[in-house]
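In the numbering used here, the protein residues as written are 5 to 771.
No residue lacks a Cβ here, since even glycine has one placed at the ideal position from N, Cα and C.
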């Protein structure tokens with residue numbers, strides 16, 4: 005059985021012959037020379053791409069990052085070239101060591117989730133490192149899709165050269181990901197600004213970098229000249245208990261127990277079709293006698309277990325006897341091709357209702373056909389598993405009914421793709437699986453009232469129809485259609501962002517101002533509480549400071565970075581105002597007050613004009629201030645507070661201070677329950693069902709979240725019908741059941757998880 009190293013390259017035993025080693029080294033040299041001779045043009049193209057992105061007027065932070073990257077790559081090109089060469093050479097050497105294990109090197113050990121160290125290792129992965137890996141993977145997918153046509157032949161021949169059981173892009177040491185990773189490592193090694201890394205790497209595009217297609221053609225030609233042949237077409241990948249991509253980190257990707265690993269060709273495994281049923285039992289997809297009443301879901305679980313998923317078994321139950329993997333049956337594939345081209349594939353959704361859903365799962369009904377009964381056991385297992393997955397699609401309440409029928413037409417081509425490459429069940433990077441997941445997720449945004457002429461509906465239906473007409477045996481068709489559909493979604497999202505930009509900008513200004521007010525509340529509170537007991541705040545000042553002067557200070561705080569003097573002046577004026585209203589017993593203090601009053605009055609008037617404070621409120625405050633100043637100048641001791649106006653001032657002052665304390669307390673209140681915690685995890689792009697009242701419900705998109713998360717902007721799919729709520733308001737809606745999150749996790753993964761978890765539930769109930 006083949007094994008796979010943690011990096012994704014299969015460990016080959018015994019060691020690759022010296023001729024293959026020499027050939028691989030020659031390919032490495034060719035790639036290094038190719039990249040070095042084109043590195044200057046590469047930076048020119050990348051910098052041009054950065055300038056194009058700047059012309060699209062991105063956000064302020066992203067624009068700064070792109071501009072900085074362009075400047076540094078231009079001024080220090082030679083430094084970057086050396087770093088890139090070193091990174092590319094180091095990456096190729098590391099991959100070569102894995103692909104060509106020597107006798108004196110430790111062999112790569114098989115990947116096993118039950119190893120005691122595996123859990124510890126995964127727990128020590130740095131979050132930033134995971135994000136870095138995902139960033140490279142996201143950008144590399146763009147390059148891999150672009151160069152798929154020229155990389156695939158090279159990958160096949162490299163699989164033969166290295167003696168691998170199956171060839172995949174992850175086994176190719178020269179895959180486009182190596183170029184992307186080397187670029188990232190070079191930038192990080194230059195250590196100019198790591199904050200720029202994500203925006204720079206995300207800007208990389210195969211159309212604006214050095215053209216790698218001639219390189220792959222040359223490498224493939226070298227292997228052809230060396231007599232290395234490509235693998236045959238319909239070869240099924242053997243499961244080794246791992247998952248390609250990043251799916252392997254999940255618990256569902258554990259390898260099958262030893263008793264359930266592949267059996268040899270002479271194990272004597274019976275091969276009996278489902279048509280040959282015994283009176284007292286039924287045979288599963290693996291030719292094993294199963295109890296009467298065993299459902300297709302149970303057979304699907306056995307199939308998933310067989311190809312590498314962990315399953316839940318009773319103690320002592322070793323599971324079904326596995327059958328050896330075999331090439332795709334040409335007769336069965338021909339039968340499926342006829343179904344795909346048949347009349348059922350062109351059925352429109354308009355004539356169906358909810359009761360048709362069960363009948364629309366054609367895979368479930370195929371099990372009774374003679375063509376399926378005659379098919380190999382592995383292929384029957386694939387039918388079972390996919391039937392369960394599409395049952396889950398049809399049952400998903402988030403997908404509109406019409407969309408379920410449209411996506412359901414993919415059953416036969418997806419079945420064919422899953423038979424050609426069983427990684428459909430093991431890897432969320434499988435092209436057919438990604439297309440199903442993406443279409444299902446996008447369909448959530450379609451509202452039935454939009455009709456079938458809605459651009460989203462038209463694009464989904466067109467994509468499905470093209471799969472039906474264009475897919476035969478090359479699963480690259482799914483990648484091409486996925487790329488086109490993703491571009492459509494991206495363009496739609498850009499239009500939405502353009503529409504909500506004015507609203508988001510307005511809300512962000514409001515959020516910034518609110519934060520300034522909160523900061524000012526703390527400043528005012530600190531100033532007042534710092535006054536000595538014998539010199540308390542004049543009662544009539546409390547409403548003024550916590551209302552009008554609060555606004556003056558907040559506006560000054562907004563510009564504190566560009567005009568710090570304005571903020572300092574506003575603070576000084578507040579302190580001087582408080583001092584001016586305190587009793588002036590000494591003659592020296594009274595003379596000082598007379599000296600500062602003219603400038604203080606000018607400052608107060610200018611500030612109040614700036615916030616457009618006019619009318620009775622300003623006049624009343626001015627009269628009280630003048631009266632207080634006159635008393636302070638003329639009297640040698642504090643006036644008695646026995647008048648009605650003094651009592652009123654005291655009451656208003658207490659109320660103003662109470663309101664200030666309440667505002668400060670509200671800002672400090674954090675999450676109070678699980679709903680508050682949930683809202684704090686929401687990000688842009690989530691869909692919700694919102695009930696304005698018991699009779700009205702509509703689907704809305706979280707289109708924008710303010711930087712400080714005090715405002716969440718919801719719209720419809722087109723970016724219209726916007727409304728804004730705070731985190732607390734959203735939590736309250738969730739708590740009352742008026743707002744519900746629409747599940748947008750990849751639907752195939754959810755379906756597989758449900759199939760396996762149902763088995764665990766059955767066992768618990770039986771226990």
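Touch test, the region 522–531 against the region 741–759, Cβ-Cβ under 8 Å, three pairs minimum: The way I'd put it, the region 522–531 doesn't touch the region 741–759; fewer than three beta-carbon pairs between them come closer than 8 Å.
Start and end residues, alpha helix (DSSP H) containing residue 408: Walking along the chain shown from the start, residue 408 turns up at place 404. In the DSSP assignment, residue 408 falls within the unbroken alpha helix (DSSP H) covering 405–412.
Residue 39 by DSSP, collapsed to three states: which one? Locating residue 39 in the chain shown gives position 35, where the first residue counts as 1. Three-state DSSP puts residue 39 in a helix.
Taking DSSP as the reference, what is the three-state secondary structure of residue 729? On the chain shown, position 725 is the one that residue 729 refers to. The answer is strand: DSSP assigns residue 729 an E or B state.
With which residues is residue 744 paired in a DSSP beta bridge? Within the chain shown, residue 744 is the residue found at index 740, counting from 1. Paired residues: 693.
Do the region 571–578 and the region 623–640 meet, that is, are 3 or more Cβ pairs less than 8 Å apart? Contact between the region 571–578 and the region 623–640 is absent, with fewer than three C-beta pairs closer than 8 Å.
Please state the DSSP three-state secondary structure of residue 350. As a position in the chain shown, residue 350 is number 346, starting the count at 1. Caution is warranted here: a pLDDT of 41 is assigned to residue 350, below 50, making its placement in the model unreliable, and the coordinate value is therefore given only provisionally. Under the three-state reduction of DSSP, residue 350 is assigned to helix.
Based on DSSP bridge pairs, tell me the residues matched to residue 703. The sequence position of residue 703 within the chain shown is 699, counting from 1. According to DSSP, which records beta bridges pairwise, residue 703 is partnered with 693.
Determine the extent of the alpha helix (DSSP H) in which residue 489 is found, giving its start and end residues. Here the question's residue 489 lines up with position 485 in the chain shown. For residue 489, the enclosing alpha helix (DSSP H) covers residues 480–533.
Just how far apart, CA to CA, sit residue 100 and residue 718? Start at 1 with the first residue of the chain shown, and residue 100 comes out as number 96. Start at 1 with the first residue of the chain shown, and residue 718 comes out as number 714. The alpha-carbon separation between residue 100 and residue 718 amounts to approximately 50 Å.
Just the C-alpha distance for residue 185 and residue 95, rounded to the nearest angstrom, thanks. Counted from its first residue, the chain shown places residue 185 at position 181. Counted from its first residue, the chain shown places residue 95 at position 91. Their Cα atoms are separated by approximately 8 Å.
Are the beta-carbon atoms of residue 207 and residue 54 separated by less than 7 Å? Here residue 207 refers to the residue found at position 203 of the chain shown. Here residue 54 refers to the residue found at position 50 of the chain shown. Yes. Within cutoff.
Excluding the 5 residues preceding and the 5 following residue 557 in the sequence, name in chain order all residues of the same chain whose CB lies nearer than 6 Å to its CB. Translated into positions along the chain shown, residue 557 becomes position 553. Cβ neighbours of residue 557 beyond the five flanking positions: 524, 574.
Where residue 717 sits in the DSSP three-state scheme: Looking up residue 717 in the chain shown gives position 713. In this structure, DSSP gives residue 717 an extended state, which the three-state scheme calls strand.
Counting only runs that start and end within the region 149–202, where is the alpha helix (DSSP H) found for 4 or more residues in a row? Entirely contained in the region 149–202, the alpha helix (DSSP H) runs reaching 4 residues are, in chain order, 152–166, 180–194.
Between residue 436 and residue 429, which are expected to be in contact by the criterion C-beta below 8 Å, what is the C-beta distance as a whole number of angstroms? Your numbering for residue 436 matches position 432 in the chain shown. Your numbering for residue 429 matches position 425 in the chain shown. Contact flag wrong, Cβ pair sits at about 11 Å.
Just checking my contact of residue 43 with residue 88 at CB under 8 Å: how many whole Å lie between their CB atoms? Stepping through the chain shown from its first residue, residue 43 is reached at position 39. Stepping through the chain shown from its first residue, residue 88 is reached at position 84. The distance from the Cβ of residue 43 to that of residue 88 is about 6 Å, consistent with a contact at the 8 Å cut-off.
Between the CA atoms of residue 201 and residue 192 - distance to the nearest angstrom: Within the chain shown, numbered from 1, the residue matching residue 192 stands at position 188. Within the chain shown, numbered from 1, the residue matching residue 201 stands at position 197. Answer to the nearest angstrom: the Cα atoms are 8 Å apart.
Which listed residue (603, 701, 586, 629) has its alpha carbon closest to that of residue 577: Counted from its first residue, the chain shown places residue 577 at position 573. Among 603, 701, 586, 629, the Cα nearest to that of residue 577 belongs to 603.
Report yes if the CB atom of residue 154 is closer than 7 Å to the CB atom of residue 217, and no otherwise. Here residue 154 is taken as the residue at index 150 of the chain shown, counted from 1. Here residue 217 is taken as the residue at index 213 of the chain shown, counted from 1. Result yes, Cβ atoms of residue 154 and residue 217 sit closer than 7 Å.
Sequence-distant residues of the same chain with beta carbon closer than 6 Å to residue 368, five excluded per side: The count along the chain shown starts at 1 and reaches residue 368 at position 364. Excluding positions up to five away in sequence, the list reads 391.
Please name the residue in 721, 336, 414, 560 whose C-alpha comes closest to that of residue 380. On the chain shown, position 376 is the one that residue 380 refers to. Here the closest residue by C-alpha is 336.
Out of 145, 50, 549, which has the shortest C-alpha to C-alpha gap to residue 581? Here residue 581 refers to the residue found at position 577 of the chain shown. Looking only at 145, 50, 549, the smallest Cα-Cα distance to residue 581 is reached by 549.
Check residue 676 in the structure and name its three-state DSSP category. Taking the chain shown and counting its residues from 1, the one referred to as residue 676 is at position 672. In the structure shown, residue 676 sits in coil (DSSP, three-state: anything other than H, G, I, E or B).
Supposed close pair residue 158, residue 178 - CB separation, criterion 8 Å: Residue 158 sits at position 154 when you count from the first residue of the chain shown. Residue 178 sits at position 174 when you count from the first residue of the chain shown. Between residue 178 and residue 158 the Cβ distance is about 7 Å, and since that is below 8 Å, they are a contact.
Where residue 147 and residue 714 are concerned, what is the direct C-alpha to C-alpha distance, given to the nearest angstrom? Position 143 of the chain shown, counted from the first residue, corresponds to residue 147. Position 710 of the chain shown, counted from the first residue, corresponds to residue 714. Roughly 38 Å separates the two Cα atoms.
From 735, 695, 688, pick the residue whose C-alpha is nearest to that of residue 721; which is it? As a working note, residue 721 is residue 717 in the chain shown. When only C-alpha atoms are compared, the closest one is 688.
For residue 707, I'd like the list of residues in its chain whose CB is within less than 7 Å of its CB, leaving aside the five on either flank, ordered along the chain. Position 703 of the chain shown holds residue 707. Answer for residue 707: 500, 504, 688, 717, 718, 719, 723, listed in chain order.
Please look up how many angstroms separate the CB atoms of residue 419 and residue 340, rounded, as I've assumed it's under 8 Å. Walking along the chain shown from the start, residue 419 turns up at place 415. Walking along the chain shown from the start, residue 340 turns up at place 336. Indeed, because the Cβ distance is near 6 Å, the residues count as touching under 8 Å.
Apart from the five residues just before and just after residue 712, which ones in its own chain have a Cβ nearer than 7 Å to its Cβ? Along the chain shown, one-based indexing puts residue 712 at 708. Taken in chain order, the residues that qualify are 515, 519.
On the DSSP letters alone, give me the boundaries of the alpha helix (DSSP H) that residue 580 sits inside. Within the chain shown, numbered from 1, the residue matching residue 580 stands at position 576. In the DSSP assignment, residue 580 falls within the alpha helix (DSSP H) that extends over 568–584.
Can you find the residues in the same chain that come closer than 8 Å, C-beta to C-beta, to residue 488, ignoring five residues on each side of it along the sequence? Along the chain shown, read from residue 1 onward, the residue named residue 488 stands at position 484. Residues of the same chain with a CB within less than 8 Å of the CB of residue 488, apart from the 5 flanking positions on each side, are 467 in chain order.
Work out the CA separation of residue 92 and residue 427 for me, nearest whole Å. On the chain shown, position 423 is the one that residue 427 refers to. On the chain shown, position 88 is the one that residue 92 refers to. Our two residues, residue 427 and residue 92, have alpha carbons roughly 29 Å apart in a direct line.
Exposed or buried, residue 385, counting other C-beta atoms within 10 Å across all chains shown (16 or more means buried)? Residue numbering aside, residue 385 sits at position 381 when the chain shown is read from its first letter. With 16 or more other Cβ atoms within 10 Å, it is buried.
How many Å lie between residue 26 and residue 46 at the Cα? Here residue 26 refers to the residue found at position 22 when the chain shown is read from its first residue. Here residue 46 refers to the residue found at position 42 when the chain shown is read from its first residue. Between the C-alpha atoms of residue 26 and residue 46 there is a straight-line separation of about 29 Å.
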